[in-house]
Structure formats: C-alpha cells, structure tokens
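Below: the structure, in structure tokens.
In the numbering used here, the protein residues as written are 52 to 439.
This is the structure we're talking about:
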C-alpha cells in the first residue's frame, strides 16, 4: 500500500505523457479523415453497391476492433512489457491500436498521484490535435497522390512515430518494485463485471459512447442541412476537434483539483443539456460554432476521466485489467453508434432543419442517463469512504 501511495508524481512520467500523446494522436488521429475518404468513395462511386449504413459499420468496426483486443493487449503487456507491446502493436492495423494506446495510457497512472488526471488529459487530447493534423494531411495527399498512396503515406508516418515513442516509454519504479515483491497486476476475469462500481462505470460509458459517436458523425451533416457549404461544415468539425484537444488537458487539471467523479458528472450533464438546448436552437453558423467548441470539450469526458476513475475505485493493482474490460465492452456502442444515429435522422421530413431533431434529442438523453449513472457512482464512493 505504501508503494502504491508514493508515485514519483512526475519526473520521467512527463516524457511518457508526451510520448503517449504522440502515440494516440497517430493511432486515433489517422481515423479522423475517414469522412474525407468516405466523401471521395461516394462521389466517385468507388463501391457503387455499398449503402450509407454499411459505410457507417466500417467506421464503427474499425474503432470496435481496437477496443475488443483490450484484454489481449493487457496480457501482452504482462508478457512482453510496455515497450514490447507498443512496438508489436505499431506493426499492426486496427487490432494493434489498443496494444499501443492501452499501454501508453496505463503506463501513466503509476507515475503520478496529484497530477494523474492532468497527464491522462494531455495524452487523450490526441483526437483533437491528431485529427486536425491527419485531416489536413489527408486532404492535401488525396489531391496530389490519390487515395491508395495517401493510406500508405499516413500508415508509414504512424508506424515510425509510434516506434520511436514506444522505445522512449518505460514503466514507473512502482511497477518494477511491485514485480520485485511478486505483486503482479491482476489479469482479466469475468468477475470484474460483478463489482458494483464497475457496472455503474459500464453504464455511464456505454450510453455516453453512443451519444459521442452520434454527435461526432452527425455534426457536419447537420451543418450542411442548415444550408452551410462543405467548407463551413468542415470548420464546424475542426472546431469540435480543437475543443477536444484544448479541453481535455484542462478537464484533467480540474478533475485533479475538484475530484474526478465530480468533474465527469458535471461535464456529462453539461453535454446533455447543451445538446437539448444550444444544439437544437443552433440554426445559424455562429451558434453552431459555439456548440462545436463546447461539445468538443465535454462530449468525450468518458475517455478523459475513465482511467483515473477506474484506478480510484478499484486500486492501482487492478486498474489495468479493469480498464481493459471496460474498453472491451465499449466496442459495442462504438460498432453500432453511428449506424443507430443514422436511423434517427428523419430523411422524409420536408423541413431540412428539423430532420436532425430526433437525433439531437437522442444524443442529449444518452448524456443525461450517463450523468445519472455518475451520480450513483458518486453516492457509492461517498458511502465507501464513510465506511472507512
């Protein structure tokens, strides 16, 4: 217990933090331009028989496969170490994403105590900055070299960056001391799903991920339904990514100061409320840009705070196995979230501005349910602390 309570709280941990940021900016960021590729595939009729639903499933399955291998990645980490697993995952596509991402996140916790959420917030801001970088890169490369060579160039870029950062990442002295004391981290077990706080976290993550995927993929289409051009729709998407990139480190810092569960509860509730109010009434370009920034900060709260919250409620020794189990379950909403969101768009409605109303209400309700789950988790945590 003394070892777990005394992390270095920085030192080489900051190097690991920025390596983790770079790794995740590449692995998740490379998927951000999927909308650009999708537009080219559809406009050029590359796959004439493929429906929008099938395209949505392709994007969902790419994300889901990365999450489904979480327990395998955790086992690889125990067998080959953090560096070995990241190097192994760098040579693979979707199946290797969690080997790279999962290890680069889980390695941060033992390095920090009071700055743990800030470090993870910096690392998980990858979608914003990585998404912006790869989206700009993809647009230029497609116009110059075509789609096949664009995929190749982006893949090689991701490979070399991940290999370099993977070799720089290392476990904290706490993990090495634990190994010396024969205190091995727990492995994946079905019993993880029987614990009350884990069940509550799963409910929160499941509904929040459904809302996040629906919001992320619906916002550009909603912009064009208002009569905005494609460039303005791309700007809306870019500002949401920018809000994510800037907001996540700030959210991490706030959660270290005011409590991780409290911060997650506030932001999840906030995202639900602005989806039901600001988004529904955002019928012009300027208010939609404001919503994009605020939603970028708050919509991905689960991925920003889940790992520190899991560590807080189950302890450092069981955190890696529990977090990998949580990520495995998140594969379900990641797979079907975009496809479900498409079903809520009322294509038969004459008023283009009202076609997305069912989808907007759906997104808002998912976040409100997630906030209710977090309120239950907060109550459980207070009860646990009072018992001690």
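Positions of the beta carbon are idealized from the N, C-alpha and C atoms, including for glycine.
If you ignore the 5 residues before and after residue 104, its C-beta comes within less than 8 angstroms of the C-beta of 390, 393, all in its own chain and listed in chain order. Judged by DSSP secondary structure, residue 73 falls within the alpha helix (DSSP H) whose first and last residues are 64 to 78. The three-state secondary structure of residue 221, taken from DSSP, is coil. Under the three-state reduction of DSSP, residue 120 is assigned to coil, being neither helix nor strand. For the pair residue 256 and residue 381, the CB atoms are nearer than the 8 angstroms cut-off. A check of alpha carbon separations from residue 275 across 62, 334, 418 identifies 334 as the nearest. Counting along the chain, the unbroken alpha helix (DSSP H) around residue 367 starts and ends at 367 to 380. Each residue's CA atom was taken as its position, placing residue 128 and residue 361 some 19 angstroms apart. Scanning 269, 202, 357, 421 for the CA closest to the CA of residue 82 turns up 202. In this model, residue 99 and residue 106 are separated by some 12 angstroms (Cα to Cα). Between residue 322 and residue 350, the beta carbon gap of about 5 angstroms places them in contact (Cβ cut-off 8 angstroms). In the structure shown, residue 335 falls within a coil segment according to DSSP collapsed to helix, strand and coil. Less than 8 angstroms separates the beta-carbon of residue 415 from that of residue 326. The shortest CA-to-CA distance from residue 295 to any of 254, 316, 261, 354 is the one to 354.
In the DSSP annotation of this structure, the continuous segment of the alpha helix (DSSP H) that includes residue 417 starts and ends at 408 to 438. Comparing alpha carbon positions, the residue from 395, 384, 69, 423 closest to residue 219 is 69. Taking 8 angstroms as the upper bound for CB-CB distance, residue 76 and residue 180 are in contact here, some 6 angstroms apart. Ranking 289, 215, 265, 245 by CA distance to the CA of residue 384 puts 265 first. If you compare the alpha carbons of 341, 352, 297, 329 with that of residue 317, the shortest gap goes to 352. Under the three-state reduction of DSSP, residue 299 is assigned to helix. For residue 329 and residue 338, the gap between their C-alpha atoms comes out near 8 angstroms.
Cβ-Cβ distances below 6 angstroms link residue 419 to 323 in the same chain, with the five nearest sequence neighbours on each side left out; the list follows chain order. For residue 246, there is no enclosing alpha helix (DSSP H), as DSSP marks it with neither H nor E. Closest by C-alpha distance to residue 270, out of 97, 131, 346, is 346.
The beta carbon of residue 288 sits closer than 7 angstroms to those of 270, 271, all from its chain and outside the five residues before and after it, given in chain order. When DSSP states are grouped into helix, strand and coil, residue 396 belongs to the coil group. Between residue 108 and residue 88, the alpha-carbon positions lie close to 15 angstroms from each other. The continuous alpha helix (DSSP H) containing residue 325 extends over residues 311 to 325. Secondary structure at residue 98: coil, using DSSP grouped into helix, strand and coil. Nearest neighbour of residue 259 by Cα position, chosen from 423, 65, 71, 79, turns out to be 423.
By the Cβ-count criterion, residue 242 is exposed, with fewer than 16 other Cβ atoms from all chains shown falling within 10 Å of its own Cβ. Counting every other CB atom within 10 Å of its CB across the protein chains shown gives residue 194 a total below 16, marking it as exposed. By the CB criterion at 8 angstroms, residue 80 and residue 196 fall outside the cutoff.
In the three-state DSSP reduction, residue 384 falls in the helix class (H, G or I).
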